[in-house]
Ligand SMILES: NC(=O)c1ccc[n+]([C@@H]2O[C@H](COP(=O)([O-])OP(=O)(O)OC[C@H]3O[C@@H](n4cnc5c(N)ncnc54)[C@H](OP(=O)(O)O)[C@@H]3O)[C@@H](O)[C@H]2O)c1
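In the numbering used here, the protein residues as written are 39 to 317.
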């Protein structure tokens with residue numbers, strides 16, 4: 039019988055998840071369809087009930103529902119419990135199980151480049167939901183997490199959260215500083231650059247060994263990635279994180295190994311289409 043999956047969020051029209059998952063189903067000949075639904079926060083409870091009533095096997099959750107959906111679930115995996123947020127729901131024996139693949143997806147996306155993480159220093163720009171998942175996953179692997187955010191109180195809250203989970207977390211000002219000299223991994227997690235905005239500061243003086251990642255997924259390279267490349271750093275964009283969080287969600291739902299290359303192609307095709315047809 040055909041299975042149905044989805045992503046729910048507000049807004050949702052930008053989501054690349056349907057193209058990525060459907061490319062994977064097609065490649066393996068799996069009888070499933072992945073949909074995209076706009077769900078206003080006021081209608082989250084009805085949406086969850088509706089998805090269950092319609093027999094959906096699972097769904098992804100994106101902004102702004104990652105925390106609020108927890109109230110409507112039966113079970114949380116350890117990853118979801120620790121993060122306090124859910125990006126993947128599976129229906130198993132009538133129960134709604136909440137899981138989180140964001141942090142582990144990010145780690146998978148950098149592992150090819152930065153093998154050993156323990157004892158190294160990560161600087162995160164931004165302290166929103168994405169930063170929280172990444173901070174937690176990196177701290178669990180023994181990295182020191184230094185957080186810089188436009189609103190310093192949020193950086194402090196996140197550093198305290200990392201510390202409460204047993205990790206090493208600290209904060210600084212959202213500007214260049216001594217942190218540039220000894221950073222092993224720099225991750226841009228703010229929404230700056232999503233619409234082509236310039237990045238507000240230079241990375242001059244950044245450590246030569248730094249891997250620089252901008253988690254924004256966009257058809258065109260962000261100004262932040264351009265600046266990091268100008269400084270001679272190795273860089274990654276947000277496609278890897280999106281791909282691996284999706285692959286881990288797939289494996290949580292369907293078991294086995296997700297068809298990574300088919301899913302990557304599904305994602306890249308959408309980005310190319312966006313670049314050529316929508317500018
Ligand atoms: N690749 C992936 O798989 C993936 C996954 C999740 C998210 N993302 C991307 O990550 C970005 C953040 O998502 P999120 O869920 O963390 O959002 P969020 O919870 O709304 O957090 C937004 C962050 O951006 C900062 N920010 C916004 N505008 C800014 C500006 N003009 N100057 C400086 N800082 C600014 C905010 O700082 P304040 O605290 O000061 O407001 C906050 O730290 C989005 O672009 C999203 O598309 C990518």
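Every residue, glycine too, gets a C-beta built ideally from N, C-alpha and C.
For residue 73, the uninterrupted beta strand (DSSP E) run begins and ends at 70-76, by DSSP.
Counting of Cβ neighbours within 10 angstroms places residue 247 among the exposed residues, the total staying below 16.
By the Cβ neighbour-count rule, residue 216 is exposed, with fewer than 16 other Cβ atoms within 10 Å of its own.
Residue 41 is bridged by DSSP to 70.
Taking 7 Å as the cut-off, one finds no heavy atom of ligand 1 near enough to the beta carbon of residue 161.
Going by C-alpha positions, residue 270 is about 25 Å away from residue 173. In this structure, the C-beta of residue 194 stays at least 7 Å away from each heavy atom of ligand 1. Nearest in C-alpha terms to residue 222, of all of 176, 105 and 253, is 176.
DSSP places residue 129 in the uninterrupted beta strand (DSSP E) bounded by 126-130. When the five nearest sequence neighbours on each side are left out, the beta carbons in the same chain lying within less than 7 Å of the beta carbon of residue 155 are those of 176, 179, 180 and 181, in order along the chain.
Close CB contacts of residue 298 within its chain, under the 6 Å cut and outside five residues either way in sequence, are with 285 (chain order).
In this structure, the beta-carbon distance from residue 98 to residue 55 falls below 8 Å.
Remark: C-beta atoms of residue 294 and residue 61 do not approach each other more closely than 8 Å. Distance between residue 187 and residue 65, taken at the CA atoms: about 41 Å. Judged by beta-carbon spacing, residue 167 lies beyond the 8 Å limit of residue 206, meaning their Cβ atoms are not closer than that value. At the C-beta level, residue 75 and residue 129 stay beyond 8 Å of one another.
Short of 8 Å from the beta carbon of residue 195, and not among the five residues preceding or following it, lie these beta carbons of its own chain, in chain order: 165. In chain order, 163, 252 and 262 place their CB closer than 6 Å to the CB of residue 226, counting only its own chain and leaving out the 5 sequence neighbours on each side.
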